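Worksheet for the structure shown next.
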Amino acid sequence: MAAGRLSQGRLIAGVAAVLLFILMFIPWFEIPGVEAQLPEEVTSSVDLSGTPGIESQSVNAWEAENPLDVYLLITILITLAGVALAATGRGGSATLMPLSAVTFLLGAIGTIQVLYQVFDVPGDLTRKVGLFLGLIAVAGIAVGGYLSMSEEGGAGERY
Amino acid sequence: MDTGRLSQGQVIAAASAVLLIISLFLKWFGTEGSVSISGWESQNTLDIYLTIVALFALVPTVLALTGSGAEVPFAPAAATFLLGAIGIILTAYVVIDGEGTKIGVWLALIAVIGVTVGAYLAMQDELAEEY
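Residue numbers (the numbering used here), protein chains in the order written: chain A, 141 to 299; chain B, 445 to 575.
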C-alpha cells in the first residue's frame with residue numbers, strides 16, 4: 141500500500157473516517173441525573189452513589205438510541221474501502237458512480253444528520269464534546285470526498 | 445408533462461417515495477396507554493434521512509418529466525439505489541430495535557424497499573442505454 145498514490149482528498153476523507161470511528165466511543169450526550177435537583181441536605185446526609193438515575197450518565201454514539209451510529213459506520217467503511225482501493229491501485233472500473241462521489245454524498249448526508257442532532261437533542265439530554273467533534277469529522281469526510289471528486293474531474297476512478 | 449418519458453423503475457421509485465413521505469406522518473411507535481408518535485416525532489435522525497432518500501427518488505422523475513437534461517456529478521439512479529439500500533438497513537434496525545411498532549414504520553420499510561427496487565430497475569435501464 142503506497143500513501144503516495146492517495147490524492148489529498150482521499151487522504152483527508154480517510155483520516156476523517158478513522159477519527160470519526162474513534163470519536164464515536166467518546167461521550168456524545170449526557171443524561172442528567174436527579175442528584176443536581178435534590179436539596180443539599182439530602183445529598184449530604186444520604187449516600188446515593190450507585191443508585192440508578194441519581195448521577196449523570198454519559199452516552200456515546202453507539203449507546204444513543206438512534207440508527208445514526210449504523211449510518212456513520214457504513215459511511216466510515218465505504219470511505220476506508222475507497223482509500224484502500226486507491227492506495228493499492230485497484231480502483232476498478234465501475235460504470236455508474238465514482239467512489240469519490242459516494243464518499244461525498246454519504247459524508248454530506250451524515251453531516252446533515254449530525255448537525256440535526258446538535259440542534260435537536262433528544263429528550264432532556266445535554267450535548268457533549270463527542271457530538272461536536274463527530275460533526276467536524278463527518279464534515280471532513282464530505283470535504284475529502286468533494287476534493288477527490290474535483291481532483292478526478294468526474295472521469296477518473298469509478299465505483 | 446409527458447409521463448411516457450418515465451421508465452418503469454422511475455415510476456416505482458417515485459410512487460414509493462411519495463408513500464415514504466406519507467408514512468412519516470403516520471404512527472410509528474406506541475404502546476397501550478401511551479401516546480403514539482409519528483416518524484417526525486420519533487427522536488432520531490431517520491426522518492431526515494428518509495426525506496433525503498425520497499427527494500433523491502423524486503428529483504430524477506421530475507427531471508425526466510420536464511425533459512430537463514440537468515447535469516449531476518453522479519447518476520441519480522445509482523445514488524438513489526445506494527441511499528435506498530442504506531435506508532432499508534436503518535429502517536429495519538429501527539423496526540427490530542423499537543418497542544410497540546405501528547403501521548407507519550412498517551409502511552416506511554416497504555416504501556424504502558420500493559424506492560430501492562425502482563432505483564435498481566432505473567439503473568439497469570441507464571446501463572442498457574449507455575451500452
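No residue lacks a Cβ here, since even glycine has one placed at the ideal position from N, Cα and C. Note that the structure is predicted; figures quoted are calculated from it, not measured.
query: Quick one: does V242/A have its CB under 8 Å from some CB of chain B?
result: yes
- prompt: In chain B, what lies closer than 9 Å to P167/A by C-beta?
  reply: Within chain B, no residue comes near P167/A; the closest Cβ sits about 18 Å away, beyond 9 Å.
- prompt: When we look at the beta-carbon of W168/A and count the other beta-carbons within 10 Å, is it buried (16 or more) or exposed?
  reply: buried
- request: Identify which residue in E291/A, R267/A, L265/A and T243/A has its Cα closest to the Cα of V155/A.
  value: T243/A
- prompt: Where does Q253/A sit, in a helix, a strand or coil, going by DSSP?
  reply: helix
- prompt: For Q568/B, which of helix, strand or coil comes out of DSSP?
  reply: helix
message: Please tell me whether A461/B has its Cβ less than 8 Å away from any Cβ of chain A.
response: no
Neighbour-count burial assignment, V506/B, 16 or more Cβ in a 10 Å radius: exposed
query: So, is the C-beta of Q487/B closer than 8 Å to a C-beta in chain A?
result: yes
query: Taking 8 Å as the CB-CB cut-off, is G263/A touching chain B?
result: yes
query: In chain B, which residues lie with their C-beta within 7 Å of the C-beta of Q253/A?
result: T489, I492 and Y493
message: Once the 5 residues before and after G528/B are set aside, which same chain residues still bring their CB inside 7 Å of it?
response: V497, V556, V559, T560 and A563
message: Quick check: is any heavy atom of the ligand ADP less than 7 Å from the C-beta of R145/A?
response: The ligand ADP is not part of this structure, which contains no ligands at all.
- prompt: Does the beta carbon of V210/A come closer than 8 Å to any beta carbon on chain B?
  reply: yes
Segment limits, alpha helix (DSSP H) that includes P444/B: The requested residue 444/B is not part of the displayed model; chain B covers only 445 to 575.
Reference P238/A; option with closest CA among A221/A, E205/A, Y256/A and G280/A: A221/A
task: Answer with buried or exposed for I530/B, where buried requires no fewer than 16 other C-beta atoms within 10 angstroms of its C-beta.
output: buried
- request: For A201/A, I'd like the list of residues in its chain whose CB is within less than 6 Å of its CB, leaving aside the five on either flank, ordered along the chain.
  value: M164, W168 and D209
message: Taking the beta strand (DSSP E) that Q148/A belongs to, which residues open and close that run?
response: Unbroken run through Q148/A is the alpha helix (DSSP H), Q148 to L163; no beta strand (DSSP E).
query: According to DSSP, what are the bridge partners of I481/B?
result: F473/B
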